[in-house]
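To keep things clear, I will list the structure first and then write my remarks on it.
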Amino acid sequence: MSDNLVVIGTQWGDEGKGKIVDWLTEQFAAVVRFQGGHNAGHTLVIQGEKTVLHLIPSGILRPQVRCLIGNGVVLSLSALMEELETLEQAGIATAGRLQVSSACNLILPYHIALDEARERALGQQAIGTTGRGIGPCYEDKVARRGIRLYELLDEAHFSRRVQAVMAYHNTILQQVFGAEPLASQPVINAALAYRTRIEPLIADVPDELYRLSQAGQRILFEGAQGALLDIDHGTYPYVTSSNTLSGAAASGSGLGPRALHYVLGIVKAYTTRVGSGPFPTELNDAVGQYLGERGHEFGATTGRKRRCGWLDIVALRRSLQLNSVSGLCITKLDVLDGLEVLKLCVAYRYQDQELTTPPLDGRQFTVCEPVYEELPGWSDSTAGITCYADLPAAARAYLTRIAELCNTPLAVISTGPDRADTLVLDPQLARAAD
Ligand code: IMP
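Note that our numbering numbers the sequence shown so that position 137 is 166, with each residue one more than the last.
Here it is, written out as structure tokens:
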């Protein structure tokens, strides 16, 4: 395959994108993050060794791959530097391989203070954010008062800008939320202290990507979170603050949409969600517990327990439409091993209607009840299987049914956390090594 690829989560995040991006990157010259920030948690396991990335693209573990952070990402300098240090301590050389768009908006301490104050004020209605300041940073961006990375390079200008923005936010912190104001000088000093380390990483990412494209080099766009957390199309207001859909790969990186050739939609074999909001197939029973335990369903960023439930085909169908998904990648199939019966949610019951697409009104979504189709489970282990024919017949039937209900072909199946536990069905995605 000589094309570029967009990898996105089709559910509420945590579908296992990081593993798939890392597995695929061998075939790519560059990996680009285009939205979100260090709210993401991408867990990679290579020969038993676990690495969790929040901000740096999952291509970083491959020495020949360039990693770029696009303008659509909100950037915490401290999180970036901490992650670089962790990678370097683990013996992963990053020098010369990571570039950050000069247009990234900076997450500064007042964004975190606002995130916390806002969640506290919402009480029972809290979104359940990751508390990383993501939402307030995107708010500043849209309000045209955000501070971009290139502004850090001019010390006097940067100081003036921070002071002005903080005067505004301190008023809100104090008068709206009754919270403590923050002193601006420590914020300015802490950011400026990163200047010498960040300066060599700053790049014109759109131009870099254009050049790579012109040179026939392949680019992988790495989505964070999931389509149902998209600010426009997700379960608003219980969403993140960025566009998480495949289309955002163009605007969030600076390479035009004709360069997005193949969209791989990552689908967990069941559903999970962290944070609040509607989740029609949620299981508060022994099966939900089973999925959570076998799937190690704890947030990679906050350590929070993820809510677990059956695979929701209704929500998934919407997601596949929104993202123009070319092929499905089903992850964590092995977590379902040992369940006698599996359920797929094929419609929602809303009042006296049966819906096959999710309602646009979040209040209606909250009261939808799942309508299930049952399929037999399997008792054999699928863990680590890399050949489709070796899967139990019931597992194959489950996967085929998902593809049929979604009207989208199966492209990749993941049968375990390791890079090696991967089975390819779409020859376009097969690696030379497979
Ligand atoms: P925020 O992105 O921190 O503002 O959080 C908004 C919502 O998105 C909350 O429900 C979070 O739990 C959820 N969220 C943010 N990042 C991730 C992620 O990487 N995986 C899953 N959920 C996420």
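From the three backbone atoms N, C-alpha and C, an ideal C-beta is built for every residue, glycine too.
| Query | Result |
| --- | --- |
| Residue range of the beta strand (DSSP E) that includes I248 | I248 to E251 |
| Spatial distance of R173 from A69 (CA atoms) | 24 Å |
| Per-residue DSSP class, three states only, for E383 | strand |
| Proximity test, D43 beta-carbon vs the ligand IMP heavy atom, cut-off 6 Å | yes |
| CB-CB length for G406 against E369, believed under 8 Å | 5 Å |
| Terminal residues of the alpha helix (DSSP H) in which T200 lies | E184 to T200 |
| Cut-off 8 Å between Cβ atoms - residues of its own chain near A462, not counting five sequence neighbours on either side | Reliability of the predicted coordinates at A462 is poor, the pLDDT of 46 falling under 50, and the value obtained from them is presented with this limitation in mind. So the list reads E55, once near-sequence residues are dropped. |
| Ranges of the beta strand (DSSP E) found wholly within the region 334-362, counting only runs of at least 3 | 336-338 and 356-360 |
| D447 - partner residues in DSSP beta bridges | V74 |
| Any chain C beta carbon closer than 7 Å to G276 | Considering every chain present, this structure includes no chain C. It has just one protein chain. |
| Distance between G66 and E148 (C-alpha atoms, nearest Å) | 18 Å |
| Bounding residues of the alpha helix (DSSP H) (the contiguous stretch that carries R425) | A422 to C435 |
| Sufficient close CB pairs (3 or more, under 8 Å) joining the region 35-46 to the region 264-275 | yes |
| S443 burial status per 10 Å Cβ neighbour count (16 or more: buried) | buried |
| Terminal residues of the alpha helix (DSSP H) in which V396 lies | Neither: V396 is in no alpha helix (DSSP H) and is coded neither H nor E. |
| Where R95 sits in the DSSP three-state scheme | strand |
| Length of the line joining the Cα atoms of L113 and T123 | 7 Å |
| Buried versus exposed, by CB contacts within 10 Å (16 or more), H83 | buried |
| Whole-angstrom C-beta distance between D447 and V61, which should lie under 8 Å | The pair is not a contact, with the Cβ atoms about 24 Å apart (cut-off 8 Å). |
| A462 - DSSP class collapsed to helix/strand/coil | Here A462 scores only 46 on pLDDT, less than 50, and its place in the model should not be relied on; the value that follows carries that caveat. Coil. |
| Candidates K372, C374, A253 and I295, of which the one nearest I359 by Cα | I295 |
| Which residues DSSP lists as bridging C374, in chain order | D341 and Y401 |
| Assigned secondary structure, I368 (DSSP; H/G/I helix, E/B strand, else coil) | Checking the displayed sequence, the identity of residue 368 turns out to be Leu instead of Ile. Three-state result, L368: coil. |
| Residues near L182 by beta carbon distance below 8 Å, same chain, minus five either side | R224, E228 and I231 |
| For R226 and L107, the rounded distance between their alpha carbons | The question names Leu, but residue 107 is Ser in the sequence shown. Between S107 and R226, the C-alpha separation is close to 11 Å. |
| Nearest-angstrom beta carbon gap, V292 and V364 [assumed within contact, 8 Å] | At roughly 24 Å, the Cβ-Cβ gap does not stay under 8 Å, so V364 and V292 are not in contact. |
| Inter-stretch contact at 8 Å, needing at least 3 Cβ pairs: the region 199-214 / the region 134-150 | yes |
| R177 - DSSP class collapsed to helix/strand/coil | strand |
| Rounded straight-line distance, which links the Cα of Q118 to that of G162 | 27 Å |
| Continuous beta strand (DSSP E) stretch holding Y291: start and end | Y291 to K297 |
| Check whether I217 and S188 have beta carbons under 7 Å apart | yes |
| Cross-strand partners of S130 (DSSP beta bridge) | A232 |
| Terminal residues of the alpha helix (DSSP H) in which L143 lies | P138 to L151 |
| C-beta atoms of T385 and L340 nearer than 7 Å | no |
| Contacting residues, own chain, Cβ-Cβ under 7 Å from I156 (five flanking each side not counted) | E148, P266, Y267, G304 and S305 |
| Element boundaries [beta strand (DSSP E), containing R302] | T300 to R302 |
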